[in-house]
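Written below as structure tokens is the structure these notes are about.
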Ligand SMILES: Cc1cc2nc3c(=O)[nH]c(=O)nc-3n(C[C@H](O)[C@H](O)[C@H](O)COP(=O)(O)OP(=O)(O)OC[C@H]3O[C@@H](n4cnc5c(N)ncnc54)[C@H](O)[C@@H]3O)c2cc1C
């Protein structure tokens, strides 16, 4: 199918974009990589009057280290992140996860900002942002604000973004020494959306877990942080038993849905396994040994 | 006359010749049915029932008709001739008039200037339905109180095969198996274009499997004589049985004749799932008895297949399920009962190895159970019982052709197993769930499974199967050229290349061209049942031989006129006529006028089975064996098929590369059925009509397939070549499932196997026992007894 008719504008700067968004309000829609928006248009699940194509704004595509954060421009292609040695070194969790986003063709067009703004309940990047406590920088006619993942993700395919807002940058905090991360997911076929995915971050202090973070995708309307389990892990010894218990506890609190590709029971069941494997892997990567 | 030196003809039978359609397909230049285009054409659109069972109270088309850009809106009353059609029985309305029997059944059609106008106009059509109770469970359909899908009831065909008697056995094993509804998932959607002709007839360009049987069904509905309905093959983007039935053909012709303009119809992906038949879901109960030494003494098999709302080719599907239910094993005593029922589910029909697939999933699981109960290696048990030439099948049929099944099994089993490398040294992509980084090899279980299976080649049950071909040999600028005219549909399997190879071989020239397939030549029969190489290949061979006979007659006449004696025998090679092996003259020198011959090939007659299931229903058999190695992540239920070892009985490989391709493709389709492919139905509605939700394996899901071809020529068929398109599909599913059982120790008696099943979240399916056999007048399909036969007998060769 083909999309319903729309007007097309291609602003050259952030300011011009903001002006256009302000002008068209709810009738306008930002086009980034188009990997989620174009199918929606073609299936006529979205019928915006005006498409605001931001692909010409080069200044929105960058990967830059600044102080203790890695700044990623919203228009940075997912493939660029995947190919970036800086990302791989500085934010390995993002690097590991981004390779699970669709196929190379999709990542070559798809953007980091687009994935976050689209907020698919099975997407990888929202879970990465949640696990890393990234900051999402939003520009609007009234200025700039930085949102936490908790503030940004508002539910199923919904974010705190207003029609007049532009997501401009994502700031990933760099992790301290002796911190390991891991991203694992279950999909039926290579490149499919995850049935369940888990991002884990573990900071080690000798044989104990100084801090742990766990974020799931595919098991709720948006990314789900397992704060209870995180609390339990902090200060515990890094043993298989501890990881398994925490993973089970985290999974037990999830409330996934059944649909064509997986039952709720399967999702909950494998969420526990994945969480345990992700925690153990992150722990090993922090330099810890599992006992 | 000039004499050239002779070199061997290239590109003949036995060589891995490059496909004639290969380069254009790879370059994206090949035109598929969906690429058809004509000046001033309209776009056809189908409005379908959203209900699995309902009465149509009224249809209001006025708003749609009034919409600008809409050229015609047609309902059942507009069908010019016969109101129903069907491949074997005309039980399916062209457009529903009083009742709809499945969700997706066509109710109205329209033509408009573009697809979007057509879609919008369709949404303005108001059909008032009275919803009726639906029967969507195959066993419920058998109960006396079930809603009736057709006035004559819900039984489509019941077959009983009695062989030998009841028997005592030392060991008995029992099993219950279910298979889901698989889709052929051809990448090219149903597409075609009808162009009205000046003589009041119509030309239809369509992607189909059998031009002539389409025409047989189209012409009566249009109230036109056959010769006024001319079909031309459009580029076919995969078929696998899905194009054996009529989909948009009659609709496009009706719209074209009504509007006087070319009308194109091309289904969307979603519509395609509703627009073609599927693989029959099955419930299978089996009991096998054997002596201590492993000798099979008894097989009981009860099969119920869900035929959906209309007959399609169900009668043949249940026939194959029944006649192959005991597998390729010698068994002195068997009782086989097989029922195909009508339900309000989408119709099921032909799909690669129909019937044989469902049966093999049952009998191969049973053979493994038996091996376990006997404490015998599964391969040894199979070697002990497999058929060989002279074996008597449960139908009483004696295997007359080649059946190198023992060799097949040995060669398959001898293919080296893949090495077990430590997981941490492997590419994560090669681990189960490798796509998701989930495994470093922990909780990985490896399993190996084996399966043997067989099926018929070409049509069975007394059908006079035939194929026609015309060959024209003429002088071209660079020498002799042969043109082969056959209606055989190239659906991607490579028949066109094989026909060219056969013509080269017979005529000793390399320059062979294909006339586009159409109905200006006689029927080739369907591209199905692994039959085209044998049937159309046979027709081309006969036509070439007739052409050659004429050619040699000309040579002898010339020699006589010249007062020369040419030593016999005359032969052709490398573009030359040879006399007693010595070059005489280039072929083209005898082609002042072209030579043309048309021939029809028939295979040896078969017979229908009688009330006790006895007869000689099949003409020829193809066997295959596969061994699957799988790895399962026991905690996540994820699977990686590590290797498939395949051996196939091919008679003779006319194009070895093509044969390997068929084995690999068939294996992929079987792998899909084992692990992911299922049309999910809820109350008769398809829940996953898209390639996002109906999963088919990608190249990353496919293991290496190591194939062995067993070449033992089949007597009495052209070049001794057996059909090869379907056999790997029969065996790859049970081999993979057997490997999963060996890896997990779980029963896994429902196909496709889901991750939930592999980690024990859902228990094996159970059954309180097989349903009683229905009362039926005889072994023929019920629609036949009620006079619904479509009258296609003339396709059997009298045409
Ligand atoms: C076959 C296929 C498989 C896929 N598999 C996966 C997968 O496994 N995992 C996964 O996570 N994703 C997957 N995707 C989606 C893909 O990652 C998309 O790239 C991503 O979801 C959207 O990014 P985009 O740049 O293409 O955004 P677009 O499609 O252009 O936009 C998406 C939405 O975000 C809005 N938007 C975009 N940029 C901004 C911005 N800067 N500020 C405010 N709003 C903005 C748009 O208005 C729109 O509503 C898949 C897509 C396809 C087609």
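Residue numbers (the working numbering), protein chains in the order written: chain A, 1 to 291; chain B, 1001 to 1799. C-beta: ideal position from N, C-alpha, C; glycine also. This one's a predicted model, so the numbers in the text were calculated from it and none came from an experiment.
- Counting only the Cα atoms, residue 1069 of chain B lies some 21 Å from residue 1059 of chain B.
- In the same chain as residue 1580 of chain B, and ignoring 5 residues on each side of it, the C-beta atoms closer than 6 Å to its own belong to 1567, in chain order.
- The beta-carbon separation of residue 217 of chain A and residue 148 of chain A, rounded to 17 Å, does not stay under the 8 Å limit for a contact.
- Listed along the chain, the chain A residues whose CB falls inside 8 Å of the CB of residue 1362 of chain B amount to none; the nearest CB is some 26 Å away.
- The three-state reading of DSSP puts residue 86 of chain A in helix, counting H, G and I together.
- Looking at the DSSP output, residue 1595 of chain B sits in a beta bridge with B/1473.
- Under the Cβ criterion (8 Å, minimum of three pairs), the region 1226–1237 of chain B does not count as touching the region 1127–1147 of chain B.
- Taking C-alpha positions only, residue 159 of chain A is separated from residue 53 of chain A by approximately 20 Å.
- Here residue 1369 of chain B carries a helix assignment [DSSP, helix/strand/coil].
- When DSSP reads this structure, residue 1129 of chain B sits in a beta bridge with B/1056.
- Taking C-beta atoms under 8 Å as the contact rule, residue 139 of chain A and residue 166 of chain A qualify, at a distance of about 5 Å.
- The residues 209 and 242, in chain order, have a CB closer than 6 Å to that of residue 236 of chain A in the same chain once the five nearest residues on each side in sequence are set aside.
- In this structure, DSSP gives residue 1344 of chain B a state outside helix and strand, which the three-state scheme calls coil.
- Among the residues of the region 221–249 of chain A, none has a Cβ less than 9 Å away from any Cβ of chain B.
- Under the three-state reduction of DSSP, residue 269 of chain A is assigned to helix.
- A straight line joining the alpha-carbon of residue 1459 of chain B with that of residue 1716 of chain B spans about 16 Å.
- For residue 1680 of chain B, the chain A residues whose C-beta falls within less than 9 Å of its own C-beta are 260, listed in chain order.
- At the C-beta level, residue 132 of chain A and residue 219 of chain A stay beyond 8 Å of one another.
- Residue contact with chain A for residue 1756 of chain B: present (Cβ-Cβ distance below 8 Å to some residue of chain A).
- Between residue 1272 of chain B and residue 1190 of chain B, the C-beta spacing is below 8 Å.
- Contact with chain B is found for residue 266 of chain A, since one of that chain's Cβ atoms lies less than 8 Å from the residue's Cβ.
- Proximity of residue 71 of chain A to chain B, defined by a Cβ-Cβ separation below 8 Å, is not satisfied.
- Across the region 1334–1346 of chain B, no CB contact with chain A closer than 9 Å is found for any residue.
- Residue range 1479–1486 is occupied by the beta strand (DSSP E) that includes residue 1486 of chain B.
- Assignment of residue 1298 of chain B by DSSP, reduced to helix, strand and coil, places it in the strand class.
- DSSP, read as helix, strand or coil, puts residue 1267 of chain B in coil.
- Annotation: residue 1384 of chain B has no Cβ neighbours in chain A at a cutoff of 9 Å; minimum Cβ distance is about 39 Å.
- Residue 61 of chain A and residue 94 of chain A have their C-alpha atoms spaced approximately 16 Å apart.
- Note that the C-beta distance between residue 1489 of chain B and residue 1210 of chain B is below 8 Å.
- For the options B/1304, B/1573 and B/1101, the alpha carbon positioned closest to that of residue 1008 of chain B is the one of B/1573.
- In this structure, DSSP gives residue 1612 of chain B a state outside helix and strand, which the three-state scheme calls coil.
- Straight-line measurement puts the Cα of residue 1747 of chain B at about 60 Å from the Cα of residue 1260 of chain B.
- Within a 10 Å sphere around the beta-carbon of residue 1126 of chain B sit fewer than 16 other beta-carbons, which makes this residue exposed.
- Just so you know, the alpha carbons of residue 1740 of chain B and residue 1634 of chain B end up roughly 10 Å apart.
- For a cut-off of 8 Å, the C-beta gap from residue 1687 of chain B to residue 260 of chain A is around 6 Å, short enough to register as a contact.
- Judged by the Cβ position, residue 1180 of chain B fails to qualify as a neighbour of ligand 1 at the 7 Å threshold, every heavy atom of the ligand being at least this far.
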